[in-house]
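Novice:
Residue numbers (full-length UniProt numbering): 1 to 206.
This is how it looks when you write it as C-alpha cells:
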C-alpha cells in the first residue's frame, strides 16, 4: 500500500476483523512514529514506551523514533499533551488507535483540528486513525482522508460511509469478517479500489 507522509489514512472495521493486526503490521513497517495505544495492544520491534510528553522528545533526540504511548487513563487531556509533543516533530507519523475514544461525528478535540489543518501538511507528517465506523471520525478528518482501509463492516448502517465516493465499496458488506481481508482505496484521480489480504501477521506476533 502507498501511505505517504502528508496524508491521512483511515482504518475501519468491526471488532476482530483484522484491523488491529494490520495496525501492528503498519507500525512494524514504519521507522518514525508516535502511536497512541489506549488498549496497550501494540509493541512492534524496537519500540520504546515514553512515560511523559517530555520523554517523547528525549527519546526522539536520542534516535528512538518508534514510540508507543500507553497512558492509563488515556484522557483527552493526556491526548492533548502527547499531540503537542508530536507537533514538534517533522517527517513523522501519528498513529491513533481506537480514535473513537476521543472524537465523534460532531466533536473533535481542538489539538487534533490543529494537527490536521496545519501540521500534517506543513511539517510533512502523516496521520493514521483506526476506528470501527466512519461515523466515529469527525468530518474535518474524514473529508480530508487520502487512504481508506476498510475491513468487514458489519450490518449496521453508516450514512457517512455510504456517501463517500469509493469505487466498489459495496464489497465491504460482502466480506467475511474472519478472512482478515480489507478494501484499500487511495483517493487520487482514476484510482480503483482493491481487495487485499489476508493481513500478514507480523513475525513478532507469531
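Glycine included, each C-beta is placed from N, C-alpha and C at the ideal position.
1. By a C-beta neighbour count over all protein chains shown, 10 Å radius and 16 as the cutoff for buried, is residue 181 buried or exposed?
2. Would you report the Cα separation of residue 70 and residue 186, rounded to the nearest angstrom?
3. Starting from residue 111 and walking both ways along the alpha helix (DSSP H), at which residues does that stretch end?
4. In the DSSP output, which residue or residues are listed as bridge partners for residue 151?
5. Measure how close the beta-carbons of residue 37 and residue 97 come, nearest whole angstrom, since I'm counting them as under 8 Å.
6. Under the rule that 16 or more other beta-carbon atoms within 10 Å means buried, what is residue 72, buried or exposed?
7. In chain order, what residues of the same chain lie with their CB nearer than 8 Å to the CB of residue 113, ignoring the 5 residues before and after it?
8. Contact defined as beta carbons within less than 8 Å: I believe residue 126 pairs with residue 6. What is the distance between those atoms, to the nearest angstrom?
9. Compare the C-alpha of residue 124 against each of 23, 42, 32 and 13 and name the closest.
Specialist: Once the coordinates are examined:
1. buried
2. 30 Å
3. 110-114
4. In the DSSP output, where bridge partners are listed per residue, residue 151 has none listed.
5. 5 Å
6. exposed
7. 140
8. 7 Å
9. 32
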